[in-house]
Amino acid sequence: MKIPVLVQESFLIASIQEDLSDDSLLSLRDDLANLISRHRATGIIIDVSAVDVLDSFASRMLRDIAYTARLRGARAIVVGIQPEVAYSMIMLGLKLTEVDTLLDLEEALVALRG
Amino acid sequence: MAERVTIDTDSDIVLARKTVKAVAASVGFSPVEITELVTAVSEIARNILVYGGHGVMEFTALPRGVEVNASDTGPGIPDIDVAMQDGWSSGTGLGLGLPGAKRLTDEFEVTSTSGHGTPGHGTKVRMVKWKR
């Protein structure tokens, strides 16, 4: 299942749905890297508010997306991590310290417009 | 009665998460407890795929908990104590699979017979999470 990417202003917005497979996350990482230049995007927002599990693989993909975006001249922000997902990530030992996070899409748009 | 999921491809990880989520909900787990257990199952399912290549996961509803039994026929883990340390990984992950899953559940046992070609080799993980 492919994760759709919307373009708004100079930002790419990807909303990850509930049952994400490892393969769909890998494609998202590759798609976003290519879409940055096609749309001359300066920001990427990854919305995970519909996601009820972020395990180590998903977290690594989010980190990879953020790194790749930075190397391609764009800033990536992850929004919508649910409270129970946050607790589980802490228990699992995930840190995501290198990735910018904000509460929701609205906040991320404000931050990216700077 | 146990729900059984065969792990052969990455979409089976999604199926394992879905299946254990339904079992946990049927026992009356809270949203936090469900997410903790589903996250642990996701890690173990991926371990099966990455290290074992093929395996089976079984989810059993208990009166106040859920029991998970996972087994694969992979090469096994040479040193379980080392594999249980944070950050140890022989694969492509973050090395949080086993220790992370242990922290997310209440009972956690891993047994492994290492060595290809040995009859009965592979890794077994048993986890139980109790409703608080």
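For the protein sequence lines, the chains are A and B, in the order given. Once you know that position 46 of the first sequence is 46 in my numbering, the rest is easy, because the numbers rise by one and skip nothing. Once you know that position 46 of the second sequence is 46 in my numbering, the rest is easy, because the numbers rise by one and skip nothing. For each residue, glycine too, the CB sits at the ideal point set by N, CA and C.
Could you list which residues in chain B have their beta carbon closer than 7 Å to that of residue i, in chain order?
{"i": "residue 84/A", "result": "31, 32 and 35"}
Taking the beta carbon of residue i as the centre, do at least 16 other beta carbons fall within 10 Å, making it buried, or is it exposed?
{"i": "residue 90/A", "result": "exposed"}
{"i": "residue 104/A", "result": "exposed"}
{"i": "residue 53/A", "result": "buried"}
{"i": "residue 46/B", "result": "buried"}
{"i": "residue 72/B", "result": "buried"}
{"i": "residue 12/B", "result": "buried"}
{"i": "residue 4/B", "result": "exposed"}
{"i": "residue 30/B", "result": "exposed"}
{"i": "residue 107/B", "result": "exposed"}
{"i": "residue 96/B", "result": "buried"}
{"i": "residue 18/B", "result": "exposed"}
{"i": "residue 1/A", "result": "exposed"}
Does any heavy atom of the ligand GTP sit closer than 7 Å to the C-beta of residue i?
{"i": "residue 84/A", "result": "Because no ligand of any kind appears in the structure shown, any question about the ligand GTP cannot be addressed here."}
Which bits of chain B does residue i rub up against, with CB to CB less than 8 Å?
{"i": "residue 22/A", "result": "10, 13 and 46"}
Just curious, the beta strand (DSSP E) that residue i is in, first and last residue?
{"i": "residue 65/B", "result": "65-72"}
{"i": "residue 122/B", "result": "122-130"}
{"i": "residue 57/A", "result": "Run containing residue 57/A: none in the beta strand (DSSP E); it sits in the alpha helix (DSSP H), 56-71."}
{"i": "residue 4/B", "result": "2-7"}
{"i": "residue 6/A", "result": "5-8"}
{"i": "residue 81/B", "result": "Note, residue 81/B: premise wrong, no beta strand (DSSP E); alpha helix (DSSP H) at 80-83."}
{"i": "residue 46/A", "result": "43-47"}
{"i": "residue 107/B", "result": "107-113"}
{"i": "residue 105/A", "result": "Note, residue 105/A: premise wrong, no beta strand (DSSP E); alpha helix (DSSP H) at 105-113."}
Determine the contact status of residue i and residue j, defining contact as a CB-CB distance below 8 Å.
{"i": "residue 48/B", "j": "residue 7/B", "result": "yes"}
{"i": "residue 76/B", "j": "residue 113/B", "result": "yes"}
{"i": "residue 78/A", "j": "residue 101/A", "result": "yes"}
{"i": "residue 114/A", "j": "residue 100/B", "result": "no"}
{"i": "residue 20/B", "j": "residue 84/A", "result": "no"}
{"i": "residue 98/B", "j": "residue 110/B", "result": "yes"}
{"i": "residue 105/B", "j": "residue 37/B", "result": "yes"}
{"i": "residue 40/A", "j": "residue 10/A", "result": "yes"}
{"i": "residue 18/A", "j": "residue 51/A", "result": "yes"}
{"i": "residue 45/A", "j": "residue 108/A", "result": "yes"}
List, in order along the chain, the chain A residues whose C-beta lies closer than 9 Å to that of residue i?
{"i": "residue 3/B", "result": "Those do not exist, as residue 3/B stays about 17 Å from chain A at its closest Cβ, beyond 9 Å."}
{"i": "residue 38/B", "result": "52, 53, 55 and 88"}
{"i": "residue 62/B", "result": "Residues of chain A passing the Cβ test: none, with the nearest at roughly 21 Å."}
Using the beta-carbon of each residue, which ones in chain A are nearer than 8 Å to residue i?
{"i": "residue 43/B", "result": "55, 56 and 92"}
{"i": "residue 103/B", "result": "91, 92 and 93"}
{"i": "residue 99/B", "result": "93"}
Ends of the alpha helix (DSSP H) at residue i?
{"i": "residue 28/A", "result": "22-38"}
{"i": "residue 101/A", "result": "Note, residue 101/A: premise wrong, no alpha helix (DSSP H); beta strand (DSSP E) at 100-102."}
{"i": "residue 100/B", "result": "97-104"}
{"i": "residue 15/A", "result": "Premise fails: residue 15/A lies in the beta strand (DSSP E), 11-15, not in any alpha helix (DSSP H)."}
**Report entry** Contact list for the segment 42-57 of chain A against chain B, Cβ threshold 8 Å
**Finding:** Answer set for the segment 42-57 of chain A: 52, 53, 54, 55, 56 and 57.
Query - Proximal residues, the segment 14-38 of chain A versus chain B, C-beta separation under 7 Å - result: Listed in sequence order: 19, 21, 22 and 23.
Query - Near-chain A residues of the segment 16-28 of chain B - C-beta to any C-beta below 7 Å - result: Taking 7 Å as the cut-off between beta carbons, the residues of the segment 16-28 of chain B near chain A are 17 and 18, in sequence order.
Query raised in the report: Using Cβ-Cβ distances below 9 Å, what residues of the segment 92-107 of chain A are close to chain B?
Result: Answer in chain order: 92, 93 and 94.
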